[in-house]
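Numbering (full-length UniProt numbering), first residue to last: 1 to 436. One structure is given below, encoded as structure tokens.
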């Protein structure tokens with residue numbers, strides 16, 4: 001078979017000039033910005049912290065790649081847009097990726113990374129969640145007065161014979177339903193759950209562990225738990241009150257609640273008929289469902305427009321006006337949905353293609369660590385630049401995907417980035433901010 005790899009490719013003309021291309025450029029990389037990730041990682045100690053919780057059972061005489069190097073290679077790859085371990089069969093020879101990981105030879109192959117994922121255990125997953133919490137605590141320069149924990153579940157479709165896969169009628173396919181906990185932009189937990197179980201089933205235990213760790217770092221801090229109606233469980237509310245936590249959680253509407261606001265709904269409908277524009281009213285009352293042991297404060301937000309009535313209810317133990325609690329506190333939980341999309345779509349948190357359930361839990365956590373690395377890049381290096389509020393996908397395209405030629409000898413690794421890169425000034429700003 002003839003070797004056609006280096007044969008010139010004809011690409012037309014520009015004036016009198018013939019345009020040709022061939023794959024003989026040498027050591028040119030497409031991810032020159034990965035070196036910024038190395039600087040962030042060294043600053044926050046992320047890959048070292050992850051590696052410490054892995055029990056390395058490999059025979060030491062046969063080990064070529066440390067656990068830290070394996071994890072750094074996998075996380076950096078996710079940040080740069082390489083979601084599959086098979087991508088690393090080629091990436092292992094990428095000089096920029098090697099330099100970022102801290103090696104001057106080939107990185108781990110896809111089978112080695114696959115063995116890492118399939119060997120994960122529940123104990124490791126629990127310890128890795130501890131790393132997420134430690135990273136969050138370390139990111140705070142001073143003690144916060146209040147923390148709002150956003151809880152939400154999301155859909156992870158499955159296309160195979162994965163362990164604990166079940167058909168979910170609402171999503172109309174086989175899936176997992178991972179449970180996320182965010183605080184602002186930081187991810188605190190991402191627990192993989194089978195779709196056959198209620199995602200709120202572990203809510204109390206998870207919030208207890210998180211709040212206990214946060215109060216170890218910051219005693220007497222005010223913690224607010226926020227979520228939609230899918231997480232309104234009487235047992236969870238009772239536990240939150242017992243543990244001194246505040247909560248503001250959606251409440252599923254029912255006939256008893258609708259009866260309480262019936263007169264107000266009629267008044268809104270009449271106001272809409274007269275004004276011809278959407279009408280809104282926010283009020284409150286006390287209410288106890290049949291399974292509750294006492295009455296609690298319920299805030300009702302009523303709306304009426306061309307589509308008719310649209311009531312919504314939340315239950316809370318917070319003090320303050322109902323309008324402010326609903327609009328400024330409860331509605332702000334929508335930001336957590338954007339963060340979930342960033343972790344799942346931009347960093348491939350939905351990539352559950354392993355057969356083993358615990359291996360897919362590790363993949364979910366690796367995406368969470370890649371997310372943590374990216375938000376720390378924003379926080380530590382991009383403040384004041386046009387990428388200060390950019391999402392992961394935008395940062396990847398504009399700052400990490402930079403073509404570069406790499407020259408490496410015994411004394412130096414020289415990375416020659418594209419001279420005409422449009423955001424060269426942002427890269428220089430970030431590199432200076434991350435300098436040791």
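Even for Gly, the Cβ is constructed at its ideal location relative to N, Cα and C. Here the structure is a predicted model, which is why all the values come from computation and not from measurement.
message = I'd like to know whether the C-beta atoms of residue 336 and residue 106 end up nearer to each other than 8 angstroms.
response = no
query = CB-CB under 8 angstroms to residue 20, same chain, minus the five flanking residues each way: which ones, in chain order?
reply = 8, 9, 10 and 11
message = Taking the straight line between their C-alpha atoms, what separation do you get for residue 181 and residue 333?
response = 11 angstroms
query = Can you check whether the CB of residue 268 is closer than 8 angstroms to the CB of residue 281?
reply = yes
task = Can you tell me the Cβ-Cβ gap for residue 440 and residue 47, rounded? I've got them flagged as a contact below 8 angstroms.
result = Nothing about residue 440 can be reported from this structure: the residues present for the chain run from 1 to 436 only.
message = Distance check for residue 103 and residue 378, CA to CA, integer angstroms please.
response = 26 angstroms
message = Less than 6 angstroms between C-beta atoms, sequence neighbours within five positions excluded: which residues of the same chain meet that for residue 146?
response = 222
ask   = Opposite residue 157 in the DSSP bridges: which residues?
value = 175
message = Within a Cβ cutoff of 7 angstroms, which residues of the same chain sit near residue 92, ignoring the five residues on either side of it in sequence?
response = 106, 107, 108 and 109
query = Name the DSSP beta bridge partners of residue 28, please?
reply = 405
query = Is residue 250 helix, strand or coil when you go by DSSP?
reply = strand
message = Runs of 4 residues minimum, wholly inside the segment 318 to 401: which ones carry the alpha helix (DSSP H) assignment?
response = 334 to 341, 357 to 381 and 392 to 395
task = Output the distance between the C-alpha atoms of residue 420 and residue 403, rounded to the nearest integer angstrom.
result = 10 angstroms
query = For residue 129, which of helix, strand or coil comes out of DSSP?
reply = helix
query = Nearest to residue 299 by alpha carbon, out of 382, 161 and 258?
reply = 258
ask   = Unbroken alpha helix (DSSP H) runs of length 4 or more, entirely within the segment 100 to 154: which are they?
value = 110 to 118 and 122 to 138
key: Spatially closest choice to residue 344 from 28, 155, 211 and 310, by CA coordinates   = 155
query = Under the DSSP definition of a beta bridge, which residues are partnered with residue 285?
reply = 298
task = Using the Cα positions of residue 409 and residue 135, report the straight-line distance between them to the nearest angstrom.
result = 36 angstroms
inquiry  = Any heavy atom of the ligand SAM closer than 7 angstroms to the beta-carbon of residue 148?
reply    = Looking at this structure, you won't find the ligand SAM or any other ligand, since it has none at all.
ask   = Does any CB atom of chain D fall closer than 8 angstroms to the CB of residue 91?
value = No chain D appears in this structure, which consists of one protein chain only.
message = So the candidates are 204, 200, 245 and 233; which of them puts its Cα closest to the Cα of residue 220?
response = 245
inquiry  = Rounded to the nearest angstrom, what separates residue 217 and residue 210 at their Cα positions?
reply    = 11 angstroms
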